[in-house]
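S.K.: The structure is given below, and queries will be raised subsequently.
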Amino acid sequence: DAVRRFGSIIYGDTSVRYKTSNFDRLLIDNLIRGFSCRELPGHYLPCFTLSGTFSWFNETFSSYDDIYIAEAGFVAVTDNFLSRLILKTWVTCALNSNCIAPSKSKTQCKRIIGFTEKHRYDQSAMVIVLSFYFFPSSRQNDKSDPAPYDMYTSIPEHIAEVRRFEGDSHYFTTRKNLYLQQKS
151 DAVRRFGSII YGDTSVRYKT SNFDRLLIDN LIRGFSCREL PGHYLPCFTL
201 SGTFSWFNET FSSYDDIYIA EAGFVAVTDN FLSRLILKTW VTCALNSNCI
251 APSKSKTQCK RIIGFTEKHR YDQSAMVIVL SFYFFPSSRQ NDKSDPAPYD
301 MYTSIPEHIA EVRRFEGDSH YFTTRKNLYL QQKS
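If you use our numbering, the sequence shown corresponds to residues 151 to 334, in order.
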């Protein structure tokens with residue numbers, strides 16, 4: 151397991167653009183909590199999670215009405231007891247289709263009329279798991295906002311930014327053609 155072998159793992163998907171190569175503050179801060187990601191204020195978990203996923207965890211969507219979904223595209227994990235519990239629970243859900251992609255299930259969001267039908271498979275499961283371990287009682291927005299796993303709670307400078315749906319013409323360096331000159 152990579153987390154045990156290296157001590158910490160920082161994952162960023164293709165939309166992440168790093169602003170620094172110094173992750174010391176994130177890694178030090180993560181020693182205690184073990185797992186951090188970026189919360190998305192205003193994007194509520196029940197609006198992006200199928201009711202069957204909540205049922206698999208023996209929960210209801212209404213218990214999560216005040217929980218924001220989090221980005222799964224930039225995650226930091228440091229090896230400790232809590233992070234191992236989080237990862238084992240998340241992987242257990244991911245390997246069970248009734249959890250990660252339940253059939254005959256819909257989103258139920260009190261903040262949007264109707265259904266969003268945009269289930270965020272890995273994000274939904276991750277936030278339910280994080281909420282279970284970080285919020286043993288109900289969350290109260292005025293007392294627990296932002297979430298304790300939000301990586302920018304205690305790190306004022308931004309380490310990275312997310313830029314979706316844009317190409318990066320300089321992602322790969324351009325190949326230079328080398329012409330060998332022959333001596334005649």
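By construction, the Cβ of each residue, glycine as well, lies at the ideal position given by its N, Cα and C atoms.
1. Is the distance from the Cβ of residue 257 to the Cβ of residue 181 below 8 Å?
2. What does the alpha-carbon distance come out to for the pair residue 218 and residue 191?
3. Under DSSP, the beta strand (DSSP E) around residue 297 begins and ends at which residues?
4. If you draw a straight line from the C-alpha of residue 210 to the C-alpha of residue 271, how long is it?
5. What separation, rounded to the nearest whole angstrom, lies between the Cα atoms of residue 253 and residue 241?
6. Give the secondary structure of residue 223 by DSSP, where H, G and I count as helix, E and B as strand, and everything else as coil.
7. Any idea which residues DSSP pairs residue 257 with across the strands?
8. Applying the criterion that 16 or more other CB atoms from any shown protein chain within 10 Å of the CB defines a buried residue, is residue 164 buried or exposed?
9. The beta strand (DSSP E) spanning residue 245 covers which residue range?
10. If you measure between the beta carbons of residue 274 and residue 224, is that distance less than 8 Å?
11. Compute the Euclidean distance between the alpha carbons of residue 178 and residue 184, then round it to the nearest angstrom.
12. Out of curiosity, what's the CA-to-CA distance linking residue 189 and residue 285?
13. Return helix, strand or coil for residue 231, following the three-state DSSP convention.
M.R.: In brief:
1. no
2. 6 Å
3. Note, residue 297: premise wrong, no beta strand (DSSP E); not H, not E.
4. 17 Å
5. 19 Å
6. strand
7. 200
8. exposed
9. No beta strand (DSSP E) contains residue 245, which DSSP labels as neither H nor E.
10. no
11. 10 Å
12. 15 Å
13. helix
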